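Pasting the structure below:
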């Protein structure tokens, strides 16, 4: 999306029982900070100015602007204040019970909103990982074993697939990396849903989870702490 069109875009809304996922493909990266100003706070704009790279500032502001526009569409309320944060840093909006999650990488920004359950989304632009085999040591033993059994040509993509699935779960739980990655387990194969094998502590039970096909060279996953939710995806 061109930055100048962001304020004119008609934002979709999430029905009960739905996880709404919206992704922005940031074109004209340098124009995004100014175009996000009406939908971001002074504090967020100040934080963006501290980034050395314009792209980092654009992603930071676009994620928060997109979340605010989506939450406004849900509630009809003006979202003019800074988001609150839980003890582990997960943002939330005290004005609504709708849950949201923000992720960005490369030129993609994704936000998931759900009125029915805590939700997490993670997107990663895939870069070469010459140490992918070594990095599997951070994961659950079952994940590590499955990854190391793959041909070398498949290891990198499968590692990113595993990583985004785990990050989506942690974002939904709201604990981030304070929960050790070895303590829960996902499948690493290409089936794009129902990939939770062992949920993080305190988040047991059935989940709605799916990988999203967002763009070549990216992996993206979303998870919500309630089973059988509908997942609605919009690319903008």
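Numbering (our numbering), first residue to last: 83 to 318. Glycine included, each C-beta is placed from N, C-alpha and C at the ideal position. Quantities reported herein were computed from a predicted structural model and do not represent experimental measurements.
| query | result |
| --- | --- |
| So, using beta-carbon positions, are residue 100 and residue 314 closer together than 8 Å? | yes |
| Since residue 315 sits in a beta bridge, which residues does DSSP pair it with? | 103 |
| Indicate whether the contact test is met: 3 or more Cβ pairs, each with one atom in the segment 100-115 and one in the segment 135-144, closer than 8 Å. | yes |
| Taking residue 108 as the reference, give the member of 217, 195, 230, 147 with the closest Cα. | 147 |
| Alpha carbon to alpha carbon, what distance is there between residue 88 and residue 252? | 29 Å |
| When burial is assigned at 16 or more other CB atoms within 10 Å of the CB, is residue 160 buried or exposed? | exposed |
| For the beta strand (DSSP E) containing residue 191, name the first residue and the last one. | 190-196 |
| Taking the Cβ atom as the reference point for each residue, do residue 306 and residue 200 lie within a distance shorter than 8 Å? | yes |
| Check whether the segment 168-184 and the segment 242-262 are in contact - that is, three or more C-beta pairs closer than 8 Å. | yes |
| DSSP three-state label for residue 278, please. | strand |
| Smallest Cα separation from residue 135: which of 292, 106, 111, 271? | 111 |
| I'd like to know whether the C-beta atoms of residue 86 and residue 121 end up nearer to each other than 8 Å. | no |
| In whole angstroms, what is the alpha-carbon distance linking residue 155 and residue 95? | 6 Å |
| Is residue 269 helix, strand or coil when you go by DSSP? | coil |
| Going by C-alpha distance, which of 257, 259, 309 is nearest residue 276? | 309 |
| Less than 8 Å between the C-beta atoms of residue 185 and residue 162, yes or no? | no |
| In the DSSP output, what is residue 300 paired with across the bridge? | 207 |
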